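To start, the structure itself, in structure tokens.
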Amino acid sequence: MELVREHGLHRTARALRLNYYSLKKRLSSVDDATCRPQREATFVELLPPGIAGPSACTIEMENAQGGKMKIQLQGQGGPDLAVLINSFWKAS
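Offset between the sequence shown (1-based) and my numbering: plus 156.
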């Protein structure tokens with residue numbers, strides 16, 4: 157039963173060369189959730205309280221041909237700036 161908890165029913169039956177359905181029937185009194193291997197979280201991102209980026213930002217660009225681009229950002233998140241800026245310079 158410990159092997160099934162640690163590795164899962166299918167993997168245990170295959171490694172021990174047991175019939176999957178026979179093993180499942182023997183463990184029918186055990187809840188299905190306990191048969192699945194438990195995986196621990198390997199990464200959890202926590203944002204520190206009170207640290208925030210700028211609430212507003214404006215980026216203005218002008219190329220040699222006179223083309224202009226103005227990007228105004230507010231709050232967190234937003235467009236992929238590298239893609240937008242790269243597209244602007246390539247189109248010039």
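For glycine and all other residues, C-beta sits at the position ideal for the given N, C-alpha and C.
Here the structure is a predicted model, which is why all the values come from computation and not from measurement.
For residue j and residue i, believed in contact at Cβ under 8 Å, the rounded distance
i	j	result
residue 166	residue 176	6 Å
residue 224	residue 214	About 13 Å; that fails the 8 Å criterion.
Beta-carbon spacing of residue i, residue j below 8 Å
i	j	result
residue 183	residue 169	no
residue 230	residue 212	yes
Burial state of residue i (16 or more Cβ within 10 Å)
i	result
residue 200	exposed
residue 239	exposed
Range covered by the alpha helix (DSSP H) that runs through residue i
i	result
residue 168	165-172
residue 179	176-182
Limits of the beta strand (DSSP E) - the one that residue i falls within
i	result
residue 238	Taken as a continuous stretch (DSSP letters only), residue 238 belongs to no beta strand (DSSP E), being part of the alpha helix (DSSP H) at 237-247.
residue 216	212-218
residue 225	224-230
Check: residue i C-beta below 7 Å from any heavy atom of the ligand PLP
i	result
residue 220	In terms of ligand content, the structure shown is empty, and the ligand PLP therefore cannot be addressed.
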